[in-house]
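Novice: Below you'll find the structure I mean.
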Amino acid sequence: MPTTALVIEDDDLMRVSLVAALASADVDVVASAKTSAEALELAHTLFPQVALVDLHLGRGPTGVDVAHELRKNDPRIGIVFLTSFEDPRLIAETKPLPQGSQYLLKKDVGSIDEIAEAITASLEGKNRRISTELPSNMSQLSDVQLETLRLVAQGLSNTEIARRRQVTEKSIEASITRLLKSLNIPRDEGSNQRVQLARLYFESQGLSSHE
Numbered sequence: 329m330p331t332t333a334l335v336i337e338d339d340d341l342m343r344v345s346l347v348a349a350l351a352s353a354d355v356d357v358v359a360s361a362k363t364s365a366e367a368l369e370l371a372h373t374l375f376p377q378v379a380l381v382d383l384h385l386g387r388g389p390t391g392v393d394v395a396h397e398l399r400k401n402d403p404r405i406g407i408v409f410l411t412s413f414e415d416p417r418l419i420a421e422t423k424p425l426p427q428g429s430q431y432l433l434k435k436d437v438g439s440i441d442e443i444a445e446a447i448t449a450s451l452e453g454k455n456r457r458i459s460t461e462l463p464s465n466m467s468q469l470s471d472v473q474l475e476t477l478r479l480v481a482q483g484l485s486n487t488e489i490a491r492r493r494q495v496t497e498k499s500i501e502a503s504i505t506r507l508l509k510s511l512n513i514p515r516d517e518g519s520n521q522r523v524q525l526a527r528l529y530f531e532s533q534g535l536s537s538h539e
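Following my numbering, the numbering of the sequence shown begins with 329 at its first residue and continues without gaps.
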C-alpha cells in the first residue's frame, strides 16, 4: 500500500507541485497544509505515516516546532524536512531536529526519487542529514552568533538586538565583531559590514539579499 503523507509548505506553487510529484512515487498525500496550525489539526485526525515539512511557515512556529508536535501526536511518524535553509538555526532559535528525521535542501533535490528515499529512511528511523555543510565559515559559528547574524539580516539595530536578547549593546557590538572575524569580513570603510553579513545570511538560503 502507498505511504500516507502530510505535506506542510507555505508556498502555494511548491506545495501543489510536491503533492503532484509524490503521487508518481507511490506516496498518497492525504492532506496538505500551508500553516502550522492547519498542519497540526490535520495530523490529529488523519495520522499520516510521514510529514514533509518546510522550515519557514510564516509567522509563528517553525517547521521544527511543528515536527516535534507531530511526534507528540504520533511518535512513529516519519519526518522529512524540505527547505531552502542550509541549517535550521538560521531561521530561528530552535530545538534539535527530531530523532531519525531527514533534512533535504530544495536546491539540491534533483528528482522525486531522492525525496522518496528520504521518506523511506525516515520511516526506518535512520539518522541521515543531507547537504549539511554551511557555506564559508558558518559551520563554525555558535548558536548565539547565528542568531545575531539572523537578526542583523532582518535589519534590526544593535539596540533592538540587545533588547531582543536581553543583553547590553556593548555585548552585541562585541558579538558582531567576533562574527565579522569568524566570517573573514574585513573592516573596510568603503563597504557596509552589516550589508555583507545580511548577504551571507541570504546566500545561505540560496537567495540574494534583495529577494
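Cβ coordinates follow ideal geometry from the N, Cα and C atoms, glycine included.
Note that the structure is a prediction, hence the values are computed from the model and not measured.
Could you work out which residue in Asn-486, Leu-370, Asp-471, Tyr-431 is closest to Asp-382 when comparing CA atoms only?
Specialist: Ranking the options by Cα distance to Asp-382, first place goes to Tyr-431.
Novice: Anyone know if the C-beta pair for Ala-359 and Leu-370 falls short of 9 Å?
Specialist: Result yes, Cβ atoms of Ala-359 and Leu-370 sit closer than 9 Å.
Novice: With DSSP run on the structure shown, which of helix, strand or coil describes Asp-393?
Specialist: Helix, per DSSP.
Novice: Skipping 5 residues on each side, what residues in its chain have a beta carbon closer than 6 Å to that of Ile-500?
Specialist: Taken in chain order, the residues that qualify are Asn-486, Ile-489, Ala-490.
Novice: Can you grab the Cα-Cα spacing for the pair Asp-338 / Lys-362, in whole Å?
Specialist: Their backbone Cα atoms lie some 4 Å apart in a straight line.
Novice: Quick check on DSSP: helix, strand or coil for Gln-521?
Specialist: In this structure, Gln-521 counts as helix in the three-state DSSP scheme.
Novice: CB Thr-332 to CB Leu-374, shorter than 9 Å?
Specialist: Yes; because the gap between Cβ atoms is below 9 Å, this pair is in contact.
Novice: Where does Gln-377 fall in DSSP's three states?
Specialist: It is coil, neither helix nor strand.
Novice: What are the residues that DSSP puts in a beta bridge with Ser-360?
Specialist: According to DSSP, which records beta bridges pairwise, Ser-360 is partnered with Val-335.
Novice: Whole angstroms are fine: how far does the CA of Ile-405 sit from the CA of Ala-349?
Specialist: Using only the alpha carbons, I get a separation of about 21 Å.
Novice: List the endpoints of the continuous alpha helix (DSSP H) containing Arg-491.
Specialist: Segment 486-493, the alpha helix (DSSP H) holding Arg-491.
Novice: Going by alpha carbons, who is nearest to Lys-423 out of Ser-439, Ile-407, Asp-393, Leu-398?
Specialist: The residue with the shortest Cα to Cα distance from Lys-423 is Asp-393.
Novice: Would you please state the rounded distance, in angstroms, between the beta carbons of Ile-443 and Val-408? I believe it to be under 8 Å.
Specialist: Contact holds; Cβ gap of about 7 Å.
Novice: Going by DSSP, what residues sit across from Val-355 in a beta bridge?
Specialist: Val-355 pairs with Thr-331.
Novice: Shortest alpha-carbon distance to Ala-365 belongs to which of Gln-473, Val-355, Gln-377, Leu-385?
Specialist: Comparing Cα-Cα distances from Ala-365 to each of Gln-473, Val-355, Gln-377, Leu-385, the minimum goes to Leu-385.
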